[in-house]
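Undergrad: Just passing along the structure, written as structure tokens.
Numbering (the numbering used here), first residue to last: 7 to 121.
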């Protein structure tokens, strides 16, 4: 069983920055891909950014050029650097990890961007 612990959320003004972290622990098998999803009130959960164990990344169009995902494989930790934040980025951000064929989720961290 993989446990994911997120940190780094909070309240920031529009144009500001935040950095989210997610540390994975436990599990018998290596983690393949990791990523960040977000869910705003009344909306479906959506992919924000993902990264494979080899470092390949993908981003939602809405965050390209503003957000950057990175990963420390030795520490099984994934980061999301969020710059130029907008009020529409306000959501609960969830860390996700794929190990063998099972997806795991963190508990979520709130990001609120004020205008």
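Every residue, glycine too, gets a C-beta built ideally from N, C-alpha and C.
I'd like the list of long-range same chain contacts for residue 115, defined as Cβ closer than 6 Å, with 5 residues on each side in sequence excluded.
TA: Same-chain partners within the cutoff: 12, 15 and 99.
Undergrad: Just to check my reading of the structure: residue 9 and residue 41 have Cβ atoms closer than 8 Å, yes? What is that Cβ distance to the nearest angstrom?
TA: Not confirmed; about 16 Å, so no contact.
Undergrad: Out of curiosity, what's the CA-to-CA distance linking residue 108 and residue 70?
TA: So the two alpha carbons sit approximately 27 Å from each other.
Undergrad: Return the first residue and the last residue of the beta strand (DSSP E) that residue 73 is part of.
TA: Taken as a continuous stretch (DSSP letters only), the beta strand (DSSP E) holding residue 73 covers 73–78.
Undergrad: Look up residue 105 in the DSSP assignment and say whether it is helix, strand or coil.
TA: In this structure, residue 105 counts as strand in the three-state DSSP scheme.
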